[in-house]
Structure formats: C-alpha cells, structure tokens
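Take the sequence shown: its letters are residues 1 to 106, numbered as in full-length UniProt numbering.
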Amino acid sequence: MSRPIATTALAIALLACEGAPVTPPSSSTTPPRTVVTTSSEGSTRLTETEQYRQYREKTGYPYSQQQYARLPEHQRCGTACGQPPTSGEQQLRYLCDRGLIATARC
1 MSRPIATTAL AIALLACEGA PVTPPSSSTT PPRTVVTTSS EGSTRLTETE
51 QYRQYREKTG YPYSQQQYAR LPEHQRCGTA CGQPPTSGEQ QLRYLCDRGL
101 IATARC
C-alpha cells in the first residue's frame, strides 16, 4: 500500500471511531446567551446581542456581530462585549490563577 492510500485509510478509520471530532453547530443557530452584569444599582440581565450592541455604542468598536466570527483573535473584544474569552484573556487568567503576575493586573 502506498503512503497516500495508507494515510487516507488511517484518516477514515480514525473518523469512524467513537468520539471522533464532529462539525461544530452553526453559530447562526445558537440562541443568544443571557449575561448577568452587576453594577451599583443591582444586577441586569442582557442577552449577548444587547451586550454586544451596548459595547459597540460605548467604545466605538468597529465590527458588527456578524463580522465577529471572521475576525482574527487579536481584534476580538471577548468577554468585554459578551462573547467567549479571547486567548489573551485565557492566558491572563492562567497566569493570575498561578500567581505568576502581579494581582493588580488581574
């Protein structure tokens, strides 16, 4: 068996295994999450879309919610606008949890 055929056969066998990766659901079918923000006046419930809209109005963030999924990671607003955390936010959280950087930056 030649190498390309063997590689293809291995890939097919791996995809047929239980627990093989599957295509993620379409982002357009995901219902907006409800985000709870807390302020001095109490807590407010906002949908992800409303929080994104408010963030854009407040900061002048230039990208629409439809463009967001195609943005490179460094241009995403992450948790600041009600979206999942960016890789930078995850790295910062990791360093803060382990005490590797000053708590003032956390």
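Think of the CB as a built atom: it goes at the ideal place given N, C-alpha and C, for glycine as much as any other residue.
Taking 8 angstroms as the cut-off, decide whether the C-beta atoms of residue i and residue j are in contact.
{"i": "residue 68", "j": "residue 76", "result": "yes"}
{"i": "residue 99", "j": "residue 89", "result": "no"}
{"i": "residue 71", "j": "residue 63", "result": "yes"}
In the DSSP assignment, find the alpha helix (DSSP H) that holds residue i and state where it starts and stops.
{"i": "residue 88", "result": "87 to 97"}
{"i": "residue 48", "result": "48 to 59"}
{"i": "residue 65", "result": "65 to 68"}
How many angstroms separate the CA atom of residue i from the CA atom of residue j?
{"i": "residue 94", "j": "residue 84", "result": "16 angstroms"}
{"i": "residue 49", "j": "residue 73", "result": "19 angstroms"}
Going along the chain, which residues of its own chain have a beta-carbon closer than 6 angstroms to the beta-carbon of residue i, five neighbours each way excluded?
{"i": "residue 65", "result": "52"}
{"i": "residue 106", "result": "96"}
DSSP three-state call for residue i: helix, strand or coil?
{"i": "residue 77", "result": "coil"}
{"i": "residue 102", "result": "coil"}
Once you ignore the five residues that flank residue i on each side, which residues in its own chain have a CB closer than 8 angstroms to its CB?
{"i": "residue 103", "result": "96"}
Quick one: what's got a C-beta closer than 7 angstroms to residue i's C-beta in the same chain, skipping five residues either side?
{"i": "residue 87", "result": "73"}
{"i": "residue 80", "result": "55"}
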